[in-house]
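> If you use mature numbering (1 follows the signal peptide of the UniProt record, and there is no 0), the sequence shown corresponds to residues -20 to -1, 1 to 525, in order.
Even glycine gets a Cβ: it sits at the ideal position worked out from N, Cα and C.
Just so you know, these numbers come straight off a predicted model, no measurement behind them.
Pasting a structure below so you can have a look.
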Amino acid sequence: MATPWGVGTLLLLLLASGEGAGPEEPRNFCLGLDIQDQYDPFYLNRTGECFARCLQLGNVSCNPEKLERYWLHYEFYLVEKNLEDRVDMPFVKALVQNFSTDTSEDLLFSLKPSQIPRQVMRGEDKPPDRVRLPRSFFASLPGSRSAIRLAISVLDIGAGDLFKGPQLRLEDGSSVLNNHMVGLSVGRTPVTRLPEPLEITFSHQRQPPNATLTCVFWDVNKGDWDSKGCSTELGAEGTVCHCDHLTFFALLLRPVLDRATVQVLTHISQAGCGVSMIFLAFTIVLYLTLRFSLQRFKSEDAPKIHVALSSSLFLLNLAFLVSVGSGSAGSRAACWIRGAIFHYFLLCTFTWMGLEAFHLYLLVIKVFNTYFGHYYMKLSLVGWGLPALMVIGTGSANSYGLYTIRDQENRTSLELCWFQKEPALYATVHGYFLITFLFGAVVLALVAWKIFTLTSVTAGKEQGQSWKAVLTILGLSSLVGVTWGLAILMPLGLSTIYIFALFNSLQGIFIFCWFAILYLPGQISTPSSSGGTARLDQAPSVSHE
């Protein structure tokens, strides 16, 4: 009969063995201990579990380098030692087959993730996910062999740390498309610099918004993804990767605006808008001061148009700060109202920039027969009334609501009250902006041509005319909103987005400088001192009120 001491000891031993045996087994596998060249089903299944267990924020200890090396060597094992020609496991599908090097046609293989890769015969439809080996591939292999053993595998790497590398961090919002890697190998013989690249097609519905797609391969030496030797061909239903070597390939999704970038851009815009609002307020105060002290300001239209643009920009910046600061706070109705107000002042800004260009056209290009009764009143009806009609129409379609910018891990980067229906956004913002911007750019180009033509004629009479002409064009460009045109170049890269955010948030400073140079009393009393700059804006009024 067992003594109490003996029973207690036995229970402790059983508990200790139970606590140690359970967690240690997968932990040891994920650490990559004693798994080298162990590719029987037991080791493959245990190591395959690490794709899900090795999460960056998890509590499982992992050694990504050893695990990645294990799976990279698996293809060598398939070619050199495996007797089976197919592998069908939840996390890896592979085809191993002998091919004659004396082939006269390209080889096409299906890469459907849920199925084992298979060769597509002549006459069959091309599968959406596929790899094509050109007929010249076999002749390019080193050595003289009549046949080769080729392994093609599709590896599901999951959402964990494996095969992410320093460049592809989860917190950055980047990811591997569908978490699938495609491997091709003929054994340990390196195959590089193929004269005709192989083609791997990754299917996807459409290019994700705010993301770039890049064909990459896993660089064993760096332990990271690299695109050297691969080119990316974007298509409507998929992306084709052309690569000149054999290894593991994938398609990377990188957000143009990840959470950290959105936060930096938001801080830049908030600071710039605050400074811009101060200078726009200075512009309005300066105009009111001059209007009450100088009689001519009561009849001139140009200063009124400048101040109307300044007012719309001031209110736009204010609406932006309120919208970003409040985020999703409040009811749906409150969010709807904030989105409508933000949209209205944005359209007012676009409209008044277009009206600045129209007024400039009348002053410099048309010149004659430019009389309009109640000219500024009519401009005001367009400048403030047309955006109101557009907002009413957009609001009646219930297009306003919470707008969320997300990264590729579906994490929220920014929330603000804006559009919830993309067609209305494209029509009333993108389309409307494009019309006003193109009109302003054409007018500014014509004005620049006239100014520089005049400068070349008077170059011998006055010094520094070229510099004055350049400054005049820069000042006018701030009025017609040329810097907003950087939005068209945003797909070129992140640097363009930073420049756009900086210049547009500081537009109020540029307008104040232009207004002060033209209309401060010292400039008004001596208009010749500013040359063409003053004369352009101080031309006779085009209306009588």
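1. With distances taken Cα to Cα, identify the nearest neighbour of A139 among T227, R98, L35 and R49.
2. In this structure, how does DSSP classify I385 when only helix, strand and coil are distinguished?
3. Between the alpha carbons of S306 and L293, how many angstroms are there, rounded?
4. Taking the straight line between their C-alpha atoms, what separation do you get for L13 and T83?
5. Which partner residues of R66 appear in the DSSP bridge assignment?
6. Can you list, in chain order, the residues of its chain with a C-beta nearer than 8 Å to that of V196? Leave out the 5 residues immediately preceding and following it.
7. In terms of alpha-carbon separation, which member of Q185, G215 and Q400 lies closest to I385?
8. Rounded to a whole number of angstroms, what is the C-alpha to C-alpha distance between I504 and L245?
9. Distance, Cα to Cα, V200 vs P122?
10. Assign Y380 to one of three DSSP states: helix, strand, or coil.
11. For G2, does the count of other Cβ atoms within 10 angstroms reach 16, so buried, or fall short, so exposed?
12. Following the continuous beta strand (DSSP E) through A127, name the residue where it begins and the one where it ends.
13. Along the chain, where does the beta strand (DSSP E) containing S165 start, and where does it finish?
14. Alpha carbon to alpha carbon, what distance is there between D141 and L37?
15. By the three-class DSSP mapping on this structure, what secondary structure does Q243 have?
16. Compare the beta carbon distance of R112 and E48 with 8 Å and say whether it is the shorter of the two.
17. Find out if the Cβ-Cβ distance for the pair G252, L482 is shorter than 8 Å.
18. Are there 16 or more other CB atoms within 10 angstroms of the CB of W447, so buried, or fewer, so exposed?
19. If we call anything under 8 Å between Cβ atoms a contact, is L266 one with F495?
20. When DSSP builds the beta bridges, which residues end up paired with T219?
21. Terminal residues of the continuous beta strand (DSSP E) containing F89?
22. If we count the other Cβ atoms within 10 Å of its Cβ and call it buried at 16 or more, is A313 buried or exposed?
23. Based on the DSSP secondary-structure assignment, which residues constitute the bridge partners of S80?
24. Measuring CB atoms only, is the region 282 to 302 touching the region 371 to 378, in the sense that at least three cross pairs come out at less than 8 Å?
25. Rounded to whole angstroms, what is the Cα-Cα separation between L11 and K46?
26. When you compare only the Cα positions, how much space is there between I137 and T227?
27. Go ahead and label F118 buried or exposed: buried means 16 or more other beta carbons lie within 10 angstroms of its beta carbon, across all protein chains shown.
28. Among the residues of its own chain, which have a CB less than 8 Å from the CB of S311, if the five just before and after it don't count?
29. Could you say which of A288, V76 and L500 lies nearest to F56 if we only look at CA atoms?
30. Should the region 420 to 431 be called in touch with the region 451 to 459, which here means at least 3 C-beta pairs below 8 Å?
31. Determine the burial state of L351: buried for a count of at least 16 other Cβ atoms within 10 Å of its Cβ, exposed for fewer.
32. Could you please give me the residues that DSSP links to C195 through a beta bridge?
33. Would DSSP call V156 helix, strand or coil?
34. Within 10 angstroms of the Cβ of L63, are there 16 or more other Cβ atoms? Answer buried if so, exposed if not.
35. Does the distance from the C-beta atom of T172 to that of H222 stay below 8 Å?
36. Report the option in L91, T81, V242 and N25 whose CA atom is closest to the CA atom of M69.
Let's see:
1. By 1-based counting over the sequence shown, the position of residue 139 is 159. If we check each option's Cα against that of A139, L35 comes out closest.
2. The sequence position of residue 385 within the sequence shown is 405, counting from 1. Strand at I385.
3. Taking the first residue of the sequence shown as position 1, residue 306 is located at position 326. Taking the first residue of the sequence shown as position 1, residue 293 is located at position 313. Roughly 20 Å separates the two Cα atoms.
4. Mapped onto the sequence shown, residue 13 falls at position 33. Mapped onto the sequence shown, residue 83 falls at position 103. Their Cα atoms are separated by approximately 43 Å.
5. For this step, residue 66 is matched to residue 86 along the sequence shown. Beta-bridge pairing links R66 to L75.
6. Indexing the sequence shown from 1 puts residue 196 at position 216. Within the same chain, V196 has close Cβ partners W205, D206, S207, C210, F229, A230, L231 and L232.
7. For this step, residue 385 is matched to residue 405 along the sequence shown. Among Q185, G215 and Q400, the Cα nearest to that of I385 is on Q400.
8. The count along the sequence shown starts at 1 and reaches residue 504 at position 524. The count along the sequence shown starts at 1 and reaches residue 245 at position 265. Because the pLDDT of I504 is 45, which lies under 50, any placement of that residue in the model is unreliable, and the number read from its coordinates should be weighed accordingly. Straight-line Cα distance between these residues: approximately 39 Å.
9. The residue labelled residue 200 in the question sits at position 220 within the sequence shown. The residue labelled residue 122 in the question sits at position 142 within the sequence shown. V200 and P122: Cα-Cα distance of roughly 21 Å.
10. On the sequence shown, position 400 is the one that residue 380 refers to. In this structure, Y380 counts as strand in the three-state DSSP scheme.
11. Here residue 2 refers to the residue found at position 22 when the sequence shown is read from its first residue. Annotation note: pLDDT 40 at G2 (below 50); position unreliable, coordinate value reported separately. Burial call: exposed.
12. In the sequence shown, residue 127 corresponds to position 147, counting from 1. Unbroken beta strand (DSSP E) run through A127: A127 to D136.
13. Translated into the one-based positions of the sequence shown, residue 165 becomes position 185. Looking at the DSSP string, the run of the beta strand (DSSP E) that includes S165 is H160 to S165.
14. By 1-based counting over the sequence shown, the position of residue 37 is 57. By 1-based counting over the sequence shown, the position of residue 141 is 161. Residue placement at L37 is flagged as unreliable, the pLDDT there being 45, under the threshold of 50; a coordinate-derived value is accordingly withheld.
15. Position 263 of the sequence shown holds residue 243. Three-state result, Q243: helix.
16. To locate residue 112, count along the sequence shown from 1; it is residue 132. To locate residue 48, count along the sequence shown from 1; it is residue 68. No. Outside cutoff.
17. For this step, residue 252 is matched to residue 272 along the sequence shown. For this step, residue 482 is matched to residue 502 along the sequence shown. Closer than 8 Å, so yes.
18. As a position in the sequence shown, residue 447 is number 467, starting the count at 1. Label assigned to W447: exposed.
19. Working through the sequence shown from its first residue, we reach residue 266 at position 286. Working through the sequence shown from its first residue, we reach residue 495 at position 515. Contact: yes.
20. Here residue 219 corresponds to residue number 239 of the sequence shown, with the count starting at 1. Bridge partners of T219: F182 and L214.
21. Here residue 89 corresponds to residue number 109 of the sequence shown, with the count starting at 1. From DSSP, the beta strand (DSSP E) with F89 extends over L87 to S90.
22. On the sequence shown, position 333 is the one that residue 313 refers to. By the 10 Å Cβ count, A313 comes out exposed.
23. For the purposes of this step, residue 80 is taken as residue 100 along the sequence shown, with counting starting at 1. Partner(s): A127.
24. no
25. Stepping through the sequence shown from its first residue, residue 11 is reached at position 31. Stepping through the sequence shown from its first residue, residue 46 is reached at position 66. Approximately 7 Å, taken between the alpha carbons.
26. Here residue 137 refers to the residue found at position 157 of the sequence shown. Here residue 227 refers to the residue found at position 247 of the sequence shown. In a straight line, the C-alpha of I137 is about 15 Å away from that of T227.
27. By 1-based counting over the sequence shown, the position of residue 118 is 138. It is buried - the Cβ of F118 has at least 16 other Cβ atoms within 10 Å.
28. Here residue 311 refers to the residue found at position 331 of the sequence shown. Excluding positions up to five away in sequence, the list is empty.
29. Locating residue 56 in the sequence shown gives position 76, counting from the first residue. If we check each option's Cα against that of F56, V76 comes out closest.
30. yes
31. Numbered from 1 along the sequence shown, position 371 holds the residue referred to as residue 351. The sequence shown places Tyr at residue 351, rather than the Leu named in the question. Exposed.
32. Translated into the one-based positions of the sequence shown, residue 195 becomes position 215. According to DSSP, which records beta bridges pairwise, C195 is partnered with L231.
33. By 1-based counting over the sequence shown, the position of residue 156 is 176. V156 falls in the strand class under three-state DSSP.
34. Here residue 63 corresponds to residue number 83 of the sequence shown, with the count starting at 1. L63 comes out exposed.
35. The sequence position of residue 172 within the sequence shown is 192, counting from 1. The sequence position of residue 222 within the sequence shown is 242, counting from 1. Taking 8 Å as the Cβ cut-off, T172 and H222 do not qualify as a contacting pair.
36. Residue 69 sits at position 89 when you count from the first residue of the sequence shown. Looking at the Cα atoms, N25 is the closest of the given residues.
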